[in-house]
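Residue numbers are given in my numbering: position 34 of the sequence shown equals residue 302, and the series is strictly consecutive.
Virtual Cβ for every residue (Gly too), placed ideally from N, Cα, C.
It should be emphasised that the depicted structure is a prediction, and the values quoted were computed from it without experimental measurement.
First the structure, in the form of structure tokens, and then the observations on it.
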Amino acid sequence: GESIGVVRSVRCNSDGTCMSLLADRKAGAYLRAPDERIHVYNLDLAAISSYNFGPSARYPVAHAWDPEESRLLVCETYKLLKPTQKKKSEESNSKEQQSSSSSSKDASEKTEEKEQTSMEKERIQSIQRQKSQLLDIEQQAEIEVTTIFATAEHGLLKQDSRPLESGLNSLLGLHVPNLYFVSQPQKNSEASIAVPRLVRKALRDFAGLDRVDEEIKRALMDFSYYLTIGDMDLAYKAVRLIEEPQVLESM
269 GESIGVVRSV
279 RCNSDGTCMS
289 LLADRKAGAY
299 LRAPDERIHV
309 YNLDLAAISS
319 YNFGPSARYP
329 VAHAWDPEES
339 RLLVCETYKL
349 LKPTQKKKSE
359 ESNSKEQQSS
369 SSSSKDASEK
379 TEEKEQTSME
389 KERIQSIQRQ
399 KSQLLDIEQQ
409 AEIEVTTIFA
419 TAEHGLLKQD
429 SRPLESGLNS
439 LLGLHVPNLY
449 FVSQPQKNSE
459 ASIAVPRLVR
469 KALRDFAGLD
479 RVDEEIKRAL
489 MDFSYYLTIG
499 DMDLAYKAVR
509 LIEEPQVLES
519 M
């Protein structure tokens, strides 16, 4: 099969059934470029699934599994490119294409003019779509954190994604119901040097909950999983016995 490149990082899930891998692509004899994908090897199926961050112009730099929930992993990604120059180039090309198209119209041949008009509209629409995509990329955060469900039946599915908040330096790990980060170094009254701190942030489905016992944790994780794979019936069944008002509000 296709090579995944040069493996640079490997993590194992909680029950030993899956391994996640980050890799680099070879660019010539000595250079390497980061692969935009994260790969998960399922030992039971002897198969590899991949999640590609390339379409959103990102690449993974770190990953970790939950120590108890074997289906859930988290990945830290960086923005892949700076599209400003490309955007300007496309705007220039757009003007050239419009000028070239309008100058080539022959008023004496109506059929040809209609075809050229149709082609021109398609080119303009294509350029507008590309510009819209580039604008979306420009507005992305430099660093994002994405949680992913690793499934045997559906491959790797994104559960949620969030930008790295101001004041945080990098992802440290995941333990439901929280993500853990290392903060930017900060000074305090007792220390003369700046030191980083451990910071935890609740996962999306647990935001605002004061109490999370094992029953609520399992119910919300199952709810999120079934919602991610698109099974609304099982998602509803996962939480129908939960009576906590805060849990229902968080959903």
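Per-residue DSSP class, three states only, for F321: Translated into the one-based positions of the sequence shown, residue 321 becomes position 53. For F321, the three-state secondary structure derived from DSSP is coil.
Compare the beta carbon distance of K485 and P453 with 8 Å and say whether it is the shorter of the two. By one-based count along the sequence shown, residue 485 stands at place 217. By one-based count along the sequence shown, residue 453 stands at place 185. Against a cut-off of 8 Å, the Cβ pair of P453 and K485 comes out as no contact.
With which residues is A487 paired in a DSSP beta bridge? Locating residue 487 in the sequence shown gives position 219, where the first residue counts as 1. According to DSSP, A487 bridges with nothing at all.
How would you call S324, buried or exposed, if buried means at least 16 neighbouring beta carbons within 10 angstroms? Indexing the sequence shown from 1 puts residue 324 at position 56. Classification of S324: buried, given that the 10 Å Cβ count is 16 or more.
Can you tell which of T496, E483, R468, L447 has the C-alpha that lies nearest to the C-alpha of Q427? If you number the sequence shown from 1, residue 427 lands on position 159. Nearest to Q427 by alpha-carbon distance, out of T496, E483, R468, L447, is T496.
State buried or exposed for A319, treating a residue as buried only when at least 16 other CB atoms are found within 10 Å of its CB. One-based indexing of the sequence shown puts residue 319 at position 51. First, the residue type needs correcting, since residue 319 is Tyr and not Ala in the sequence shown. By the neighbour-count rule (16 or more Cβ atoms within 10 Å), Y319 is buried.
When burial is assigned at 16 or more other CB atoms within 10 Å of the CB, is E359 buried or exposed? Locating residue 359 in the sequence shown gives position 91, counting from the first residue. Residue placement at E359 is poorly supported in this model, since its pLDDT is 45, which falls under 50; the coordinates still yield a value, given next. Its Cβ having fewer than 16 others within 10 Å, E359 is exposed.
To the nearest angstrom, how far is the alpha carbon of A330 from that of S460? Position 62 of the sequence shown, counted from the first residue, corresponds to residue 330. Position 192 of the sequence shown, counted from the first residue, corresponds to residue 460. The alpha-carbon atoms of A330 and S460 are separated by roughly 31 Å.
What do you reckon, are the CB atoms on E412 and R276 nearer than 8 Å? In the sequence shown, residue 412 corresponds to position 144, counting from 1. In the sequence shown, residue 276 corresponds to position 8, counting from 1. The Cβ atoms of E412 and R276 lie no closer than 8 Å to each other.
Within 10 Å of its beta-carbon, does M500 have 16 or more other beta-carbons around it, so buried, or fewer, so exposed? Along the sequence shown, one-based indexing puts residue 500 at 232. The residue in question, M500, is exposed, as its Cβ has fewer than 16 Cβ neighbours within 10 Å.
Boundaries (first-last residue) of the beta strand (DSSP E) holding R448: Along the sequence shown, one-based indexing puts residue 448 at 180. Per the sequence shown, residue 448 should be read as Tyr rather than Arg. Segment 446-451, the beta strand (DSSP E) holding Y448.
Going by beta carbon distance, what residues of the same chain come within less than 6 Å of D473, once the five residues before and after it are set aside? Here residue 473 is taken as the residue at index 205 of the sequence shown, counted from 1. Result list for D473: L488, S492, in chain order.
Can you tell me whether I411 sits near the ligand NAP, meaning its C-beta is under 7 Å from at least one heavy atom of the ligand? Judged by which ligands are present, the structure shown has none, so any question about the ligand NAP falls away.
Which residue's Cα is closest to the Cα of C286: Y346, A409, A420? Your numbering for residue 286 matches position 18 in the sequence shown. Considering only alpha carbons, the answer is A420.
Beta-carbon proximity check, L348 vs E410, cutoff 8 Å: Along the sequence shown, read from residue 1 onward, the residue named residue 348 stands at position 80. Along the sequence shown, read from residue 1 onward, the residue named residue 410 stands at position 142. Their beta carbons are not under 8 Å apart, which means L348 does not touch E410 by this criterion.
Take the Cβ of K356 as the centre, count every other Cβ of all protein chains shown within 10 Å, and call the residue buried at 16 or more, exposed below. Counting from one through the sequence shown, the residue named residue 356 turns up at place 88. Its pLDDT being 44, under 50, K356 is placed unreliably by the model, and the measurement read from it follows with that caveat. It is exposed - the Cβ of K356 has fewer than 16 other Cβ atoms within 10 Å.
For E344, tell me which candidate among L290, I272, R508 has the shortest Cα-Cα distance. Here residue 344 refers to the residue found at position 76 of the sequence shown. Nearest option by C-alpha distance: L290.
Report yes if the C-beta distance between Q288 and W333 is below 8 Å; otherwise report no. Position 20 of the sequence shown, counted from the start, is the residue given in the question as residue 288. Position 65 of the sequence shown, counted from the start, is the residue given in the question as residue 333. Note on identity: in this sequence residue 288 is Ser, with Gln being the wrong assignment. At a Cβ-Cβ threshold of 8 Å, S288 and W333 count as neighbours.
Which same chain residues, not among the five before or five after H443, have their C-beta less than 8 Å away from its C-beta? Here residue 443 corresponds to residue number 175 of the sequence shown, with the count starting at 1. Counting only residues of its own chain and dropping the five nearest sequence neighbours on each side, H443 has a CB closer than 8 Å to the CB of D334, P335, E336.
In or out: H307 buried (at least 16 other Cβ within 10 Å) or exposed? Within the sequence shown, residue 307 is the residue found at index 39, counting from 1. When all chains shown are included, H307 counts as buried.
Hey, quick one: how far does the alpha helix (DSSP H) through K505 stretch, first residue to last? If you number the sequence shown from 1, residue 505 lands on position 237. 500-507 is the span of the alpha helix (DSSP H), which, as asked, contains K505.
Residues that DSSP places opposite N310 in a beta bridge: Residue numbering aside, residue 310 sits at position 42 when the sequence shown is read from its first letter. Per DSSP, C286, A315.
Contact defined as beta carbons within less than 8 Å: I believe T415 pairs with L340. What is the distance between those atoms, to the nearest angstrom? One-based indexing of the sequence shown puts residue 415 at position 147. One-based indexing of the sequence shown puts residue 340 at position 72. Between L340 and T415 the Cβ distance is about 6 Å, and since that is below 8 Å, they are a contact.
Considering just the uninterrupted stretch of the beta strand (DSSP E) at L436, what are its terminal residues? Taking the sequence shown and counting its residues from 1, the one referred to as residue 436 is at position 168. Start and end: 436-443.
Cα-Cα separation between F417 and S386, rounded to whole angstroms: The sequence position of residue 417 within the sequence shown is 149, counting from 1. The sequence position of residue 386 within the sequence shown is 118, counting from 1. Near 44 Å, if we compare the C-alpha coordinates of S386 and F417.
R472 (DSSP reduced to helix, strand or coil): In the sequence shown, residue 472 corresponds to position 204, counting from 1. Here R472 sits in helix by DSSP.
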